[in-house]
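*Asks:*
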Amino acid sequence: MNALHFELAKHVELVSVSAVFTPGTHVVLGHERDGTHTLVSLAAGMAPPSAGRVHLNGAAPFSNALLRRDIGALCATEALPPARTVERALALALRARGDARPVTRVLSAAGLAHLTERCCATLSTRETRAVALAIALAHPKPSLLALHEPLSLVPLVREEFILDALHEAAESGVIVLATASRLEDASRLGGTASALERGIWLPAAGARTLTPGVTLRVQTPHAARLVTCLAEAADIDAVTWAGTQELLVRGSNLERVAQRVVSSARADAIHITALRQEFPALEAASTTPATTSQPAPPGSPQ
Amino acid sequence: MIDARGGITLGMKIGIARLRSVSAPLTLVLACTGVFALGVFGRRSDPSGALDNLLSTPVLGFLLPVLAYLVSERVCAGQRLDRSADSLARHGADRRAVVLGLLLTAALCTALSAALLALSAVFTAHTPGSLAFDVRSSVSIALLAGVVYALWFGAASLLGKRGGGRKWALILDFILGAGNSALAAPCPRAQVRNLLGGEPALGISQAHAWLALIAIGAVCALFSVTRTSE
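Listed in order, the protein sequences are those of chains F and A. Start counting the first sequence at 72; every next residue gets the next number (this note's numbering). Start counting the second sequence at 5; every next residue gets the next number (this note's numbering).
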């Protein structure tokens, strides 16, 4: 059985990561600065750990070319093999993997056929990553797919294509290790979730499936009145004070929550000075989901 | 089993792709033009020793190391030699084979450039009646020196976080290689100077200087391969 082991692995941002990934989907929540990119690089054998061990099926991917052939990877920043066109660059990559399939087939499957004749130098960072994702997902028989933020490439690559490919891979015994900086992405990727924060591994979330949710930060001089309006509103799960003139409004659907806040404010002639989405801290991944209580600040009308 | 020959071919392909630009042939043409101009002036002032002076100082003593450095920098894409193979190694190519392919490309390119520079020097500053001999000896020294310099800079590219060893190898070759002490012996510059009739390092004969150059190249190639992970 496939198994990817991190044994006290240290490298750049990562601080002694110890984890085991077995076949199936594993989502790691965190930003690039938290070490998600480093985690993927180590898993894919693109860098050796500065301390500790990383091994896939008993061998270190960095020093085993045969093992790397069975890994499909997508990094935070990608560089295609040097060639004039995408087609030639991909031909080199597929040849290195021992894959005899035509380049057009690989790109067409990901809906990127229009990039075939493009000059590599003219590709944007996102397009280069999309091509790298197409190479990774087109692997005929991988043992590991290590992908950094695969859903950040939607809509350049269709979401259904990515999710279907990952689901199929996980079902057929492949270790799918994907990172996500948004809880929504993590929940769409499914599987078990863990997190990285400032290089520290947070395994507590490993057994829990993430609950999707959105939070809006609302700034208004009439915060107390708005709380009253939103208290019984549909689509709103919780309203929390974040300051004298700031509220955090939680719900499951961003559009509906925003609409509800605006319509409630308009109905009561409440002036809203700012409204923006609040991205949850990574601790949210390792603790219980947000409660629906509505604590009132001292001295508030509630 | 990973196909090593396939890895070498892939390494050569990416090496050629990295070298392909307008600036590479332009630099060579400019260098050849400079050598031609220096040859014309040298022949006017000292017809008998013009070729030796031209080959030992500007051509193989200055232009060749600088060209070899630039080729190595370009082939490695400004990185460490082993990391410059990552774009293929990540897909399963043997890093050592790719590195060998990159070294081979750099060696061929540098050797051909050196031969062209030597030919430019010979055709402008050769002594009358000895053209064939001058071409044969100068080109053979230039070819070997080109290969050795490429391997020298290749090995140095494995030092430093971003291959900064290359720069130090160029500086050391210029400073240490200019002398004739034991420190000069491992530098290609000292052996090339010996082959061109200059002062030998450690009193090594010209015949042994050929072997010394080959040994320097072999050690550098071995160092490059053994210091690179599969």
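For glycine and all other residues, C-beta sits at the position ideal for the given N, C-alpha and C. On a predicted model such as this, the values are computed, not experimentally measured, just so you know.
1. Report the neighbours of residue 151 (chain F) on chain A: residues whose CB is nearer than 9 angstroms to its CB, in chain order.
2. Suppose you measure from the CA of residue 172 (chain A) to the CA of residue 72 (chain A); what does that come to, to the nearest Å?
3. Note down, in chain order, every chain A residue with its Cβ under 8 angstroms from the Cβ of residue 135 (chain F).
4. Per DSSP, what kind of secondary structure is residue 225 (chain F) in: helix, strand or coil?
5. Cα separation between residue 220 (chain A) and residue 215 (chain F)?
6. From what residue to what residue does the beta strand (DSSP E) around residue 311 (chain F) run?
7. Grab the span of the alpha helix (DSSP H) containing residue 66 (chain A) for me, first residue to last.
8. Which partner residues of residue 190 (chain F) appear in the DSSP bridge assignment?
9. Beta-carbon of residue 331 (chain F) versus every beta-carbon of chain A: anything under 8 angstroms?
10. Is it right to say residue 137 (chain A) is buried, meaning 16 or more other beta carbons lie within 10 angstroms of its own, or is it exposed?
11. Is it buried or exposed for residue 29 (chain A), if we count other Cβ within 10 angstroms and need 16 for buried?
12. Rounding to the nearest angstrom, what Cα-Cα distance links residue 90 (chain F) and residue 293 (chain F) in this structure?
13. Among A:226, A:14, A:134, A:213, whose alpha-carbon lies nearest the alpha-carbon of residue 93 (chain A)?
14. I want to know whether the stretch 235 to 250 of chain F touches the stretch 327 to 336 of chain F - three or more CB-CB distances under 8 angstroms.
15. According to DSSP, simplified to helix, strand and coil, what is residue 208 (chain A)?
16. So the beta strand (DSSP E) residue 95 (chain F) belongs to, where does it begin and stop?
17. Look at the alpha carbon of residue 323 (chain F) and the alpha carbon of residue 309 (chain F), and state the distance between them as a whole number of angstroms.
18. Say whether chain F places a C-beta atom closer than 8 angstroms to the C-beta of residue 130 (chain A).
19. Mind listing which residues of the stretch 164 to 191 of chain A have their C-beta closer than 7 angstroms to chain F's C-betas, in chain order?
20. In the DSSP assignment, find the beta strand (DSSP E) that holds residue 127 (chain A) and state where it starts and stops.
21. From F:341, F:241, F:274, pick the residue whose C-alpha is nearest to that of residue 299 (chain F); which is it?
22. Does the CB of residue 95 (chain F) have a neighbour CB from chain A at under 8 angstroms?
23. Per DSSP, what kind of secondary structure is residue 81 (chain F) in: helix, strand or coil?
24. Given residue 207 (chain F), which residues of its chain have a CB within under 7 angstroms of its CB, disregarding the five upstream and five downstream residues?
*Replies:* Reading off the structure:
1. 91
2. About 14 angstroms.
3. 234
4. coil
5. Roughly 42 angstroms between the two C-alpha positions.
6. 309 to 314
7. For residue 66 (chain A), no alpha helix (DSSP H) segment is defined, and its DSSP state is neither H nor E.
8. Note: residue 190 (chain F) sits in a beta bridge opposite F:156.
9. No, residue 331 (chain F) does not count as interfacial toward chain A.
10. exposed
11. exposed
12. Distance between the alpha carbons of residue 90 (chain F) and residue 293 (chain F): 48 angstroms.
13. A:14
14. no
15. coil
16. Residue 95 (chain F) -> beta strand (DSSP E) spans 95 to 100.
17. 10 angstroms
18. Chain F contact via Cβ: absent.
19. Listed in sequence order: no entries.
20. From DSSP, residue 127 (chain A) is part of no beta strand (DSSP E) but of the alpha helix (DSSP H) over 99 to 129.
21. F:341
22. no
23. strand
24. 143, 144, 145, 216, 218
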